[in-house]
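What follows is a short report on a single structure.
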DNA sequence: ACAAAGTCCTGCCAGC
DNA sequence: TGCTGGCAGGACTTTG
């Protein structure tokens with residue numbers, strides 16, 4: 042599975058909306074303490090405080106999602122690089138990297154948190170049903186109604202850092218990761234190394250529009266692959282096979298101009314770009 | 001051994 | 001002086 046960014050997390054949220062909202066948690070089992078390391082009171086407290094609680098809805102901001110509870114608290118989670126939320130029959134075999142299991146009072150399918158690389162995790166946010174304070178430092182994501190384009194553009198133009206770094210700064214704009222950052226930059230014909238404060242206003246506006254566009258398309262693609270009722274809540278977006286123009290395509294022709302896509306290491310991760318369409322200066 | 005790449009943390013610096 | 005925010009780099013993690 043690909044690293045989950047906003048579209049994949051949204052797909053997971055939709056799945057959870059379908060499968061766990063309205064259900065009451067009977068029992069929680071934490072198998073790996075690292076999966077609840079953000080829950081400061083510890084694994085046992087995590088298990089105890091959730092027993093008997095009813096999940097009343099699903100929410101998301103950027104790559105974070107949270108499940109408001111009837112208590113006014115919320116289960117807040119991040120999938121990290123490899124986290125999955127699976128809805129599985131009670132009888133299903135235990136997954137290799139299964140770290141948290143939720144049983145419900147209706148004895149229906151379990152909710153399972155699986156995470157190979159353990160960058161993800163869950164926690165209970167006290168009073169966090171509306172907006173967990175644990176994620177209050179995260180900026181709005183560009184698909185939220187309350188996201189204000191102008192605020193983002195003003196803050197972006199005040200940064201001296203590389204524009205790709207700015208896109209990945211979750212306090213500036215949330216939900217964009219390495220893959221969709223590269224895709225949006227390719228679409229906007231902007232090199233990720235360009236200093237944020239040197240982008241013209243029209244260029245910055247174009248970039249933001251492409252960020253929204255690529256995220257929206259990926260959500261649509263994910264939604265279609267998710268229709269079957271039995272499908273697990275696993276964040277497969279279906280977007281990766283078809284839609285990527287730059288990311289992961291080193292040496293392949295740019296779909297726009299035919300020039301070979303280049304790869305460079307930047308911020309300890311790979312960046313893919315067209316050296317002709319996306320000029321550094 | 002390297003690459004993958006989320007978030008968080010630390011240390012440094014500038015400005016008020 | 002102390003607070004804040006920007007900034008860059010490193011830590012953490014597992015698997016093939």
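In the working numbering, the protein residues as written are 42 to 322. Yeah, the Cβ is synthetic: ideal placement off N, Cα and C, and Gly gets one too. From a predicted model like this one, the values you see are computed outputs, not experimental measurements.
Distance check for residue j and residue i, CA to CA, integer angstroms please.
i	j	result
residue 220	residue 288	6 Å
residue 15	residue 182	There is no way to answer for residue 15, as the model of the chain reaches only from 42 to 322.
residue 131	residue 294	48 Å
residue 239	residue 207	13 Å
residue 375	residue 203	It is not possible to answer for residue 375, since the shown part of the chain is limited to 42 through 322.
residue 192	residue 241	15 Å
residue 308	residue 205	9 Å
residue 116	residue 216	19 Å
residue 194	residue 236	13 Å
residue 210	residue 197	10 Å
residue 223	residue 160	22 Å
residue 168	residue 67	21 Å
residue 261	residue 285	14 Å
residue 256	residue 180	16 Å
residue 72	residue 78	12 Å
residue 175	residue 101	13 Å
residue 86	residue 254	41 Å
residue 89	residue 122	27 Å
residue 188	residue 172	15 Å
residue 376	residue 320	Absent from the model: residue 376. The displayed extent of the chain is 42 to 322, so no value can be given.
residue 303	residue 316	7 Å
residue 149	residue 143	10 Å
residue 311	residue 84	35 Å
residue 128	residue 225	32 Å
residue 186	residue 249	15 Å
residue 112	residue 170	8 Å
Compute the beta-carbon to beta-carbon distance between residue i and residue j, rounded to the nearest angstrom, for a pair I have assumed lies under 8 Å.
i	j	result
residue 76	residue 154	6 Å
residue 218	residue 314	So it is not a contact: roughly 16 Å between Cβ atoms.
residue 108	residue 57	7 Å
residue 114	residue 138	With a Cβ gap of about 26 Å, residue 114 and residue 138 do not count as contacting.
residue 162	residue 103	The Cβ separation is near 16 Å, so there is no contact.
residue 55	residue 106	That pair is no contact at about 10 Å.
residue 178	residue 146	About 35 Å separates the two Cβ atoms, so there is no contact after all.
residue 46	residue 263	Going by Cβ atoms, the distance from residue 46 to residue 263 rounds to 11 Å, so no, they are not a contact pair.
In this structure, how does DSSP classify residue i when only helix, strand and coil are distinguished?
i	result
residue 52	helix
residue 193	helix
residue 148	coil
residue 78	coil
residue 261	helix
residue 311	strand
residue 179	coil
residue 110	strand
residue 232	coil
residue 138	coil
residue 276	For residue 276, the pLDDT reaches just 46, beneath the cut-off of 50, and the residue's location in the model is therefore unreliable, although a value from the coordinates is still provided. DSSP places residue 276 in coil when its eight states are reduced to three.
residue 350	Residue numbering for the chain in the displayed model covers 42 to 322; residue 350 lies beyond these limits and cannot be assessed.
residue 269	Residue placement at residue 269 is poorly supported in this model, since its pLDDT is 33, which falls under 50; the coordinates are not used for a value here.
residue 156	strand
residue 187	coil
residue 213	coil
residue 326	The displayed coordinates of the chain run from 42 to 322. Any statement about residue 326 would go beyond what the structure contains.
residue 167	coil
residue 248	helix
Among the options, which residue has its Cα nearest to the Cα of residue i?
i	options	result
residue 245	200, 285 and 261	200
residue 91	225, 228, 164 and 229	164
residue 141	187, 185 and 70	70
residue 214	260, 228 and 184	184
residue 190	124, 252, 302 and 178	252
residue 135	79, 151 and 124	151
residue 40	171, 301 and 74	The structure shown does not extend to residue 40, since the chain is modelled only from 42 to 322, so the question has no answer here.
residue 82	128, 296, 59 and 166	166
residue 298	322, 51, 125 and 230	230
residue 126	59, 250 and 112	59
Is it true that the segment 85–104 meets the segment 53–71, where meeting means three or more beta-carbon pairs spaced less than 8 Å apart? yes
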